[in-house]
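J.: Mind looking over this structure? Questions follow.
Residue numbers (the UniProt record's numbering): 1 to 567.
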């Protein structure tokens, strides 16, 4: 083996370091000119590495820009596709700003890409596709009126309709006329609200006289009603007949000259307001088009349109039309079943005891505990025409007083009222109904008068259970007015008290005070409340009483009844 020499290894290290320093000097000096092979190789290697890195960066930018351009193209396509805003079944565009497309053609490409990136980061770009129509919309819905294209709405606030109640053509109007009427109604509401604000500080409990504006308005309405021609001309009769023969039941009858223009306009306003409330309930999902709601019932010789929903069994409710026996109130699915039932039904009057009879009018007292099925059917029938009724099946704690009108075929149902057997608040009526075919003939006041007659026999002061329906409130206010005017007409003394009136008429003192206030017959003077005997109101009542006659009144001597002594 050769011996290791330290001086020789040191010499090689010095030579290697000198060569590396020379290469560095030549590389720096020859960066712009030709150099040695080592410097050229190193320069080419450096340039190639830099170009490769730049190419990789360009590739990444190209891919990201391609993805952004694809996303922006998809968003533009969806925006072009959803150019028109989504509409509800009534044709209204959305009012919230969140449902409107955010893209605009005036925004630059960079800004739109920035918005898309921010949406993507927040996760909003991947939200589900919004509905173009309300969730209750049915694409097969259309107005059932013949010749109607479902455009317009009776309220004038919607672009489309899908029912007869909202059809302008059914009501002999056009869509433009409905819009004009809607604007005039809104203007009238604003004027009325402004006038009420001006008068609200004037009214107080001690001063309830009518303002000059109210008096002028009352005179104007009276004059409009007086000018109406109550006898239609021959041309108008021919026009009504031709309209009925041409359209039949597919159009509303012509209402001109049936009443005054003022009353007709009031009817149109109430019609539009009720329909607007119904449309709100339908959009909230509480009322559905084509749902399980009975539209008509065949009741004896009448076919009645229903007003409200009643919880009949689903197999009957989905039919849309029910057939009922007018004596036992059993409901059936078809005319054939009803015909077979009528051939076998032995009922000709309601069950229970007949406690009143005068002429053709009779009243039967039916116990909900003894005749449960009949009373349940009666409640289900009543719910078709009452909005606030909640009693359907729990009928045992109640007594039902059914009024009928007799002929050679039997006792036909006119109306009824129910009352609790033991009422802690002395309610003499829980629910009251007059059948639609007997309305506006005086039967409602007869039922109310009969309920107070029972309270007099019981030696109690009665009052109807609240809340009252709209028609019930009108009937009760009219009855209380007549009772008070009759009492004041027959009263000959100088001093009168509300307590004496209540004991004489069996009407609750609260109802008496509210009626006197509405008639402006209760005044406050020198620390005392005074009851004014208005002779003009008494004269009007006497005139109406003479025209009405005594056929639709309750005779207390015809009552054969004693209060129940327990349950």
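All C-beta atoms, glycine included, are put in the ideal place defined by N, C-alpha and C.
Using the Cβ count rule (16 or more neighbours within 10 Å means buried), how would you classify residue 480?
T.: Stepping through the chain shown from its first residue, residue 480 is reached at position 480. Result: buried.
J.: Roughly how many angstroms separate the alpha carbons of residue 278 and residue 320, rounded to a whole number?
T.: The residue labelled residue 278 in the question sits at position 278 within the chain shown. The residue labelled residue 320 in the question sits at position 320 within the chain shown. Those two C-alpha atoms are separated by around 19 angstroms.
J.: Tell me, please, whether the stretch 410-418 touches the stretch 426-435 by the rule of three or more beta-carbon pairs shorter than 8 angstroms.
T.: Yes: at least three Cβ pairs fall under 8 angstroms.
J.: Going by the CB atoms, is the gap between residue 304 and residue 155 shorter than 8 angstroms?
T.: By one-based count along the chain shown, residue 155 stands at place 155. By one-based count along the chain shown, residue 304 stands at place 304. No; because the gap between Cβ atoms is not below 8 angstroms, this pair is not in contact.
J.: Can you look up residue 1 in the DSSP assignment and give me helix, strand or coil?
T.: What you label residue 1 is simply residue 1 of the chain shown in a count that begins at 1. In this predicted model, residue 1 has a pLDDT of only 42, less than 50, meaning its place in the structure is not dependable enough to derive any value.
J.: Taking residue 167 and residue 143 to be in contact with their CB atoms under 8 angstroms, please state how far apart those CB atoms are, rounded to whole angstroms.
T.: The residue you call residue 167 lines up with position 167 of the chain shown. The residue you call residue 143 lines up with position 143 of the chain shown. Correct: roughly 5 angstroms between the Cβ atoms.
J.: Three or more C-beta pairs closer than 8 angstroms, one from the stretch 355-370 and one from the stretch 307-318: is that the case here?
T.: In short, these stretches do not touch, since the Cβ pair count stays below three.
J.: Where does residue 385 sit, in a helix, a strand or coil, going by DSSP?
T.: As a working note, residue 385 is residue 385 in the chain shown. In the structure shown, residue 385 sits in coil (DSSP, three-state: anything other than H, G, I, E or B).
J.: Kindly list the residues whose CB is nearer than 8 angstroms to the CB of residue 558, restricted to its own chain and excluding five residues on each side of it in sequence; keep chain order.
T.: Position 558 of the chain shown, counting from 1, holds the residue named residue 558. Answer for residue 558: 356, 357, 358, listed in chain order.
J.: I'd like the ranges of any beta strand (DSSP E) spanning at least 3 consecutive residues and lying wholly in the stretch 343-371.
T.: Complete beta strand (DSSP E) runs here, min 3: 353-358, 361-367.
J.: Taking one C-beta from the stretch 530-538 and one from the stretch 484-496 each time, how about it: are there three or more such pairs within less than 8 angstroms?
T.: Enough Cβ pairs lie closer than 8 angstroms, so yes.
J.: In the structure shown, what three-state DSSP assignment does residue 509 receive?
T.: The sequence position of residue 509 within the chain shown is 509, counting from 1. Looking at residue 509 - three-state DSSP - the assignment turns out to be helix.
J.: Helix, strand or coil for residue 336? Go by DSSP, reduced to three states.
T.: For the purposes of this step, residue 336 is taken as residue 336 along the chain shown, with counting starting at 1. In this structure, residue 336 counts as helix in the three-state DSSP scheme.
J.: Note the first and the last residue of the continuous alpha helix (DSSP H) segment covering residue 457.
T.: On the chain shown, residue 457 is found 457 positions in, with the first residue counted as 1. That run of the alpha helix (DSSP H) goes 443-458.
J.: Using a 10 Å radius around the Cβ and a threshold of 16 neighbouring Cβ atoms, would you call residue 84 buried or exposed?
T.: If you number the chain shown from 1, residue 84 lands on position 84. Here residue 84 scores only 43 on pLDDT, less than 50, and its place in the model is too uncertain to base an answer on.
J.: Below 8 angstroms CB to CB, which residues in the same chain sit around residue 341 once its five sequence neighbours on both sides are set aside?
T.: Taking the chain shown and counting its residues from 1, the one referred to as residue 341 is at position 341. Closer than 8 angstroms at the Cβ level, and outside the excluded window around residue 341, lie 325, 330, 332.
J.: Which residues does DSSP pair with residue 524 in a beta bridge?
T.: Here residue 524 corresponds to residue number 524 of the chain shown, with the count starting at 1. According to DSSP, which records beta bridges pairwise, residue 524 is partnered with 529.
J.: For residue 416, which three-state DSSP category applies?
T.: Numbered from 1 along the chain shown, position 416 holds the residue referred to as residue 416. Looking at residue 416 - three-state DSSP - the assignment turns out to be strand.
J.: For residue 468, which three-state DSSP category applies?
T.: In the chain shown, counting from the first residue as 1, residue 468 sits at position 468. Residue 468 falls in the coil class under three-state DSSP.
J.: Please go through the same chain and pick out, in chain order, the residues whose beta-carbon is closer than 7 angstroms to the beta-carbon of residue 410, but skip the five residues on each side of it.
T.: Stepping through the chain shown from its first residue, residue 410 is reached at position 410. Closer than 7 angstroms at the Cβ level, and outside the excluded window around residue 410, lie 327, 348, 349.
J.: Would residue 400 pass as a contact of residue 378 if the rule is Cβ separation under 8 angstroms?
T.: Counting from one through the chain shown, the residue named residue 400 turns up at place 400. Counting from one through the chain shown, the residue named residue 378 turns up at place 378. In this structure, residue 378 lies closer than 8 angstroms to residue 400 by Cβ.
J.: By how many angstroms is the C-alpha of residue 465 removed from the C-alpha of residue 424?
T.: Counted from its first residue, the chain shown places residue 424 at position 424. Counted from its first residue, the chain shown places residue 465 at position 465. Whole-angstrom Cα-Cα distance: 12 angstroms.
J.: Comparing C-alpha positions only, which one of 187, 266, 248, 186 sits nearest to residue 225?
T.: As a first step, residue 225 must be located in the chain shown, where it is residue number 225. Closest option to residue 225, Cα to Cα, is 266.
J.: Cα separation between residue 372 and residue 299?
T.: As a first step, residue 372 must be located in the chain shown, where it is residue number 372. As a first step, residue 299 must be located in the chain shown, where it is residue number 299. Rounded to the nearest angstrom, the two C-alpha atoms are 21 angstroms apart.
J.: Pull up the distance between the alpha-carbon of residue 257 and that of residue 195, whole angstroms please.
T.: Along the chain shown, read from residue 1 onward, the residue named residue 257 stands at position 257. Along the chain shown, read from residue 1 onward, the residue named residue 195 stands at position 195. Answer to the nearest angstrom: the Cα atoms are 30 angstroms apart.
J.: If residue 181 and residue 251 are in contact, beta carbons under 8 angstroms, what's the gap, nearest whole angstrom?
T.: Position 181 of the chain shown, counting from 1, holds the residue named residue 181. Position 251 of the chain shown, counting from 1, holds the residue named residue 251. Between residue 251 and residue 181 the Cβ distance is about 18 angstroms, and since that is not below 8 angstroms, they are no contact.
J.: Can you name the start and end residues of the beta strand (DSSP E) that residue 403 belongs to?
T.: Residue numbering aside, residue 403 sits at position 403 when the chain shown is read from its first letter. Start and end: 398-407.
J.: Excluding five sequence neighbours on each side, which residues of the same chain lie with their C-beta closer than 7 angstroms to the C-beta of residue 261?
T.: For the purposes of this step, residue 261 is identified with residue 261 of the chain shown, where counting begins at 1. Correct list, in chain order: 224.
J.: Would you mind working out which of 561, 554, 520, 547 sits nearest residue 210, comparing C-alpha positions?
T.: Within the chain shown, numbered from 1, the residue matching residue 210 stands at position 210. Taking only the C-alpha atoms, the option nearest residue 210 is 520.
J.: In three-state terms, what does DSSP make of residue 325?
T.: The count along the chain shown starts at 1 and reaches residue 325 at position 325. DSSP places residue 325 in coil when its eight states are reduced to three.
J.: Quick one: residues in its chain with C-beta nearer than 8 angstroms to the C-beta of residue 335, no 5 flanking neighbours on either side, listed in chain order?
T.: Locating residue 335 in the chain shown gives position 335, counting from the first residue. 298, 323.
J.: Just verifying my parser: in three-state terms, what is the DSSP assignment at residue 89?
T.: Working through the chain shown from its first residue, we reach residue 89 at position 89. Confidence is the limiting factor: at residue 89 the pLDDT is only 43, short of 50, which leaves the residue's position unreliable and the question unanswerable from this model.
J.: Please classify residue 485: does DSSP put it in a helix, a strand, or coil?
T.: For the purposes of this step, residue 485 is taken as the residue at position 485 of the chain shown. Helix at residue 485.
J.: Nearest to residue 397 by alpha carbon, out of 403, 388, 422, 406?
T.: On the chain shown, position 397 is the one that residue 397 refers to. Closest option to residue 397, Cα to Cα, is 422.
J.: Please classify residue 448 as buried or exposed, where buried requires at least 16 other C-beta atoms within 10 Å of its C-beta.
T.: Position 448 of the chain shown, counting from 1, holds the residue named residue 448. Residue 448 comes out buried.
J.: To which residues of the same chain is residue 455 closer than 6 angstroms at the C-beta, ignoring the five residues directly before and after it?
T.: In the chain shown, counting from the first residue as 1, residue 455 sits at position 455. Excluding sequence neighbours, residue 455 sits near 428, 462, 506.
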